[in-house]
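Letter by letter, the sequence shown follows residues 668 to 931 of the working numbering. Each residue gets a CB set at the ideal place from its N, CA and C atoms; glycine is no exception. As the structure is a computational prediction, the values presented were derived from the model and not from experiment. Everything below concerns the one structure shown next.
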Amino acid sequence: KVEEDFYNYVYYDDSFTLKQLRRYPFYQLGIVALFILVSYFAFSYSRRSEQNQVWAGMAKETAHQLGTPMSSLMGWVELIEEDQTQATPEALEEMRKDIDRLKVITERFSKIGSTPVMQKEEFSKVLNESIKYMKTRSSDKVIYRFEKFDDPTCVETNVHLFEWVIENLCKNAMDAMGGVGTITFKLKIVKDNVVLDVTDTGKGIPHNQFKTIFKPGFTTKKRGWGLGLSLVKRIVENYHNGHIIVKESIPGKRTTFRIILKAC
668 KVEEDFYNYV YYDDSFTLKQ LRRYPFYQLG IVALFILVSY FAFSYSRRSE
718 QNQVWAGMAK ETAHQLGTPM SSLMGWVELI EEDQTQATPE ALEEMRKDID
768 RLKVITERFS KIGSTPVMQK EEFSKVLNES IKYMKTRSSD KVIYRFEKFD
818 DPTCVETNVH LFEWVIENLC KNAMDAMGGV GTITFKLKIV KDNVVLDVTD
868 TGKGIPHNQF KTIFKPGFTT KKRGWGLGLS LVKRIVENYH NGHIIVKESI
918 PGKRTTFRII LKAC
């Protein structure tokens, strides 16, 4: 109070620091929102990129799968045309096998993306038939060993798809071995599960790649497209409700893949 009926007030404005502190929650909220937005776009891009790799790989795998039987059929047709005679029983039988092979390939690809029909099968028989087929498609320098299991090994499976699993694992093994070596199949029952170990005598897999080798697009080959093992994982885990892992890998000696399926 300066004089009678007269008051003098002094107003102190907020400091610059206090003003900045009041704005800080808004800055923080903006940074969090920006981080979430960037993460969302990065994740979306990653998913699209992965899907593109899958589709590109599927297209190449389709061409690769169809190429062998089609080339064989074309070769038989040329031989028949050159001879100008009726097809021999041997030629007809081989052509019939190639046509059956095309049917199997069509059946496989038709099941990817849909729900395949699962049936109870004697797993050792399914495995044995798959190994027999791979023997006819491999050189004599690749040795197949199947440690037979006498007890029943019933699993719910789709034979066409699981044959594809074995085929891809064998091809992967042959690449790792350079076309020379041994592929061993060991079947056993552990509690309520059927366990299959597939071991090759190849160059091995670095430990830091045990999980990444199953991702679409991952490959160590110059001309590979990284689809084989990702398809194996999809068929085993998504369609058979099983599990596949790299159990063991010793550089320069061997690699073991383990597949675990529920016994029925």
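Secondary structure at R804: coil, using DSSP grouped into helix, strand and coil. Sixteen is the threshold: when 16 or more other Cβ atoms of the shown chains lie within 10 Å of the Cβ of D765, as they do, the residue is buried. Assigned with DSSP and collapsed to three states, C821 falls in strand. Less than 8 Å separates the beta-carbon of Y906 from that of L828.
By the C-beta criterion, the region 795-809 is judged not to be in contact with the region 912-922, since fewer than 3 inter-stretch pairs fall below 8 Å. For T866, the closest C-alpha among the options E814, D818, I856 is that of E814. In the DSSP annotation of this structure, the continuous segment of the alpha helix (DSSP H) that includes F829 starts and ends at 826-844. Separation of the CB atoms of N825 and P783 is rounded to 4 Å, and the pair is thereby assigned contact status at 8 Å.
Collapsing the DSSP output to three states places L704 in a helix. G848: member of the beta strand (DSSP E) spanning 848-857, first to last residue. Taking a 10 Å sphere around the C-beta of P883, we find 16 or more other C-beta atoms and assign the residue as buried. Under the Cβ criterion (8 Å, minimum of three pairs), the region 848-857 does not count as touching the region 894-908. Within its own chain, the residues whose Cβ lies closer than 8 Å to the Cβ of Y800, once the five positions on either side in sequence are excluded, are E830, E834, listed in chain order.
V832 and S706 have their C-alpha atoms roughly 35 Å apart. At a Cβ-Cβ threshold of 8 Å, L863 and I926 count as neighbours. L928 places its beta carbon less than 8 Å from that of V822. Distances from the alpha-carbon of V771 to those of P756, S797, E789, F790 put S797 closest.
Between N839 and L896, the CB-CB gap stays under 8 Å. Going by DSSP, L898 is part of the alpha helix (DSSP H) stretching over 895-900.
V861 is a Cβ neighbour of F790, given a cutoff of 8 Å. Assignment of I872 by DSSP, reduced to helix, strand and coil, places it in the coil class. For a cut-off of 8 Å, the C-beta gap from G869 to T803 is around 21 Å, too long to register as a contact.
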